[in-house]
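Engineer:
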Amino acid sequence: LRKTLESFMPSNDRNEPVRDYDDESIIRLSEQMRRGVSIATPVFDGAHEADINTMLQQAGLHTSGQSQLYDGRTGEPFDRKVTMGYIYMLKLHHLVDDKIHARSIGPYSLVT
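Numbering follows this note's numbering, with no gaps: position 60 of the sequence shown is 61.
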């Protein structure tokens with residue numbers, strides 16, 4: 002477990018090396034990571050594509066970063082895998098079929 006954590010948590014001036022953690026700290030860290038790992042990188046001077054591919058492989062994901070999604074109504078898988086992130090999940094609230102009832106009668110204006 003310690004070697005796995007060391008492989009994707011290199012030491013730097015902001016944290017102490019994982020190899021210096023005691024056993025209890027390693028267990029506590031791994032329990033926290035079971036809920037997910039937040040990763041941040043500068044936009045233009047951050048992680049390289051090879052680094053990202055390595056991390057995706059270590060997580061057991063495809064290196065394209067895409068996932069198989071399923072139609073929420075039929076349960077059928079979509080034809081292609083999809084790159085998904087927070088924006089995609091937020092856009093799910095904006096399906097036209099769920100909003101069409103909001104404007105069924107009354108005058109229409111081409112301006113709005």
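Built from N, CA and C at the ideal position, the CB exists for glycine as well. None of the values given here were measured: they were computed from a predicted structure.
Once you ignore the five residues that flank residue 78 on each side, which residues in its own chain have a CB closer than 6 Å to its CB?
Structural biologist: Within the sequence shown, numbered from 1, the residue matching residue 78 stands at position 77. Within the same chain, residue 78 has close Cβ partners 69 and 71.
Engineer: Let me check understanding here. Comparing Cα to Cα, which of 84, 40 and 62 lies closest to residue 10?
Structural biologist: On the sequence shown, position 9 is the one that residue 10 refers to. When each option's Cα is compared against that of residue 10, the closest is 40.
Engineer: What is the DSSP secondary structure of residue 112, reduced to helix, strand or coil?
Structural biologist: Position 111 of the sequence shown, counting from 1, holds the residue named residue 112. Correct three-state label for residue 112: coil.
Engineer: What's the gap between the Cα of residue 36 and the Cα of residue 46?
Structural biologist: Here residue 36 corresponds to residue number 35 of the sequence shown, with the count starting at 1. Here residue 46 corresponds to residue number 45 of the sequence shown, with the count starting at 1. Between residue 36 and residue 46, the C-alpha separation is close to 28 Å.
Engineer: In or out: residue 19 buried (at least 16 other Cβ within 10 Å) or exposed?
Structural biologist: Position 18 of the sequence shown, counted from the first residue, corresponds to residue 19. Buried, by the Cβ-count rule.
Engineer: Could you have a look at residue 67 and say whether DSSP puts it in helix, strand or coil?
Structural biologist: For the purposes of this step, residue 67 is taken as residue 66 along the sequence shown, with counting starting at 1. Here residue 67 sits in strand by DSSP.
Engineer: Roughly how far, in whole angstroms, is the beta-carbon of residue 27 from the beta-carbon of residue 3, given that I think they are within contact range, below 8 Å?
Structural biologist: Locating residue 27 in the sequence shown gives position 26, where the first residue counts as 1. Locating residue 3 in the sequence shown gives position 2, where the first residue counts as 1. Their Cβ separation, rounded to whole angstroms, is 6 Å, which keeps residue 27 and residue 3 in contact under 8 Å.
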